[in-house]
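S.K.: In our numbering, the protein residues as written are 49 to 284.
From the three backbone atoms N, C-alpha and C, an ideal C-beta is built for every residue, glycine too.
Here it is: the structure, laid out below.
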Ligand code: G3P
C-alpha cells in the first residue's frame with residue numbers, strides 16, 4: 049500500500065518525507081487556500097521534495113477549461129497528477145487528458161457507480177472520500193470494499209483506489225486490509241500511526257536497564273573497536 053499525504057503545508061511535507069514513508073502528495077483548492085501560498089509556487093516546492101505523484105486540482109467546471117488548466121499545471125513538474133471532479137465534464141476531461149498521457153485523479157467520489165465511471169474514463173486514481181461519508185452517517189469503508197471488489201473483477205480497469213478524506217488510523221488499517229492501492233493521510237493521522245503506549249513504555253524500560261550496565265555502543269573498548277575494522281568473518 050502506498051502512502052500519500054493530504055496537505056499543501058510544505059514544512060509538514062518536508063518533515064514527513066524525511067521518514068521515507070511518503071510516496072506522494074494530494075492537494076485540493078481548500079488545502080492550497082489553507083497553506084496561504086501561491087498555487088504554482090507551492091506545487092513547485094512540493095514536487096521538489098517528493099518525487100512521487102503530486103495531485104493538483106483544476107478549478108474550472110467545463111471540460112475545455114479544465115484541460116487548459118491541466119496543461120498549465122502539468123508544466124510545473126513531471127510528477128504532477130491532475131485532479132478533476134467526478135462530474136460529466138470532469139470525466140470528459142479525464143478521458144481527454146488520459147489520452148494525452150496525463151495521469152488523472154478523479155476526486156469527490158462518493159459511490160461505487162461513480163467509481164465505475166471514473167475507471168471507464170481512464171482515471172489513474174479514483175478518490176473516494178470516506179470521512180465525509182462517515183460524517184453524514186454512511187459507511188465510507190464499505191464503499192472502499194465495494195470499489196476494490198468491482199475493480200478486482202475487471203483486469204482491464206487500471207484505475208487505482210486512492211482512499212481520501214481519511215480521519216483516523218482505523219481508516220488506514222481497514223483500507224489496507226481491503227487491498228486499497230493508496231491512502232492519502234492527513235499529517236496528524238500519519239504521526240499518530242507511529243504511536244503506541246507500550247512502545248513508549250517498553251523503550252523506557254530498555255533504556256533504563258541499559259543505563260545500569262554502564263556500557264555504550266559507540267564508546268567501545270579499544271580492542272573491540274579494532275575488531276570492527278577487520279573484514280567480517282564469513283560464516284561456514
Ligand atoms: O484531498 C481530498 C480529501 O482527502 C479531503 O478530505 O478531510 O476535507 O474530507 P476532507
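Measure how close the beta-carbons of residue 229 and residue 189 come, nearest whole angstrom, since I'm counting them as under 8 Å.
M.R.: Not quite, the Cβ-Cβ distance comes to about 15 Å (not below 8 Å), so this is no contact.
S.K.: Check for me: the alpha helix (DSSP H) holding residue 239 runs from which residue to which?
M.R.: For residue 239, the enclosing alpha helix (DSSP H) stretches over residues 235-241.
S.K.: Specify the secondary structure class of residue 52 as computed by DSSP and reduced to three states.
M.R.: Note: residue 52 maps to strand in three-state DSSP.
S.K.: Could you compute how far the alpha carbon of residue 251 sits from the alpha carbon of residue 116?
M.R.: Annotation: residue 251 to residue 116 spans about 54 Å, alpha carbon to alpha carbon.
S.K.: For residue 284, is the classification buried or exposed, using 16 other Cβ atoms within 10 angstroms of its Cβ as the cut-off for buried?
M.R.: The predicted position of residue 284 is uncertain, since its pLDDT is 44 and thus under 50; no value can be drawn from it.
S.K.: Would you decide whether residue 88 is buried or exposed? Buried here means 16 or more other CB atoms lie within 10 Å of its CB.
M.R.: With fewer than 16 neighbouring CB atoms inside 10 Å of its own CB, residue 88 falls in the exposed class.
S.K.: In its own chain, which residues sit with a C-beta less than 7 Å from the C-beta of residue 90, not counting the 5 before and 5 after it?
M.R.: 56, 58, 80, 83
S.K.: The beta strand (DSSP E) with residue 81 in it runs from where to where?
M.R.: Careful: residue 81 lies outside any beta strand (DSSP E), inside the alpha helix (DSSP H) at 77-83.
S.K.: Since residue 131 and residue 111 should fall inside the 8 Å C-beta cutoff, what is the C-beta to C-beta distance between them, to a whole number of angstroms?
M.R.: With a Cβ gap of about 15 Å, residue 131 and residue 111 do not count as contacting.
S.K.: With burial defined as no fewer than 16 other Cβ atoms inside 10 Å of the residue's Cβ, what is the status of residue 207: buried or exposed?
M.R.: buried
S.K.: Can you list, in chain order, the residues of its chain with a C-beta nearer than 6 Å to that of residue 74? Leave out the 5 residues immediately preceding and following it.
M.R.: The answer, listed in chain order, is 52, 54, 103, 232.
S.K.: For the ligand MG, is there any heavy atom lying closer than 7 Å to the beta carbon of residue 212?
M.R.: With respect to the ligand MG, the structure shown offers nothing to examine, as its ligands consist of the ligand G3P.
S.K.: Helix, strand or coil for residue 99? Go by DSSP, reduced to three states.
M.R.: coil
S.K.: Does the Cβ-Cβ distance between residue 181 and residue 158 come in under 8 Å?
M.R.: yes
S.K.: Let me make sure I understand the geometry here. Which of 160, 163, 169, 162 has the alpha-carbon closest to that of residue 151?
M.R.: 169
S.K.: What first and last residue would you give for the beta strand (DSSP E) that runs through residue 252?
M.R.: From DSSP, residue 252 is part of no beta strand (DSSP E) but of the alpha helix (DSSP H) over 245-261.
S.K.: Ignore the nearest five residues each way along the sequence and tell me which others in residue 199's own chain have a CB closer than 7 Å to its CB.
M.R.: 167, 205, 207, 209
S.K.: Where do the ends of the beta strand (DSSP E) carrying residue 181 lie?
M.R.: Segment 178-183 is the alpha helix (DSSP H) holding residue 181; no beta strand (DSSP E) there.
S.K.: Going by DSSP in three states, residue 173 sits in which element: helix, strand or coil?
M.R.: strand
S.K.: When every heavy atom of the ligand G3P is checked, does at least one fall within less than 7 Å of the C-beta of residue 179?
M.R.: yes
S.K.: Name the residue from 197, 136, 243 whose alpha carbon lies nearest to the alpha carbon of residue 109.
M.R.: 136
S.K.: Give the single residue among 113, 153, 160 whose Cα lies nearest to the Cα of residue 174.
M.R.: 153
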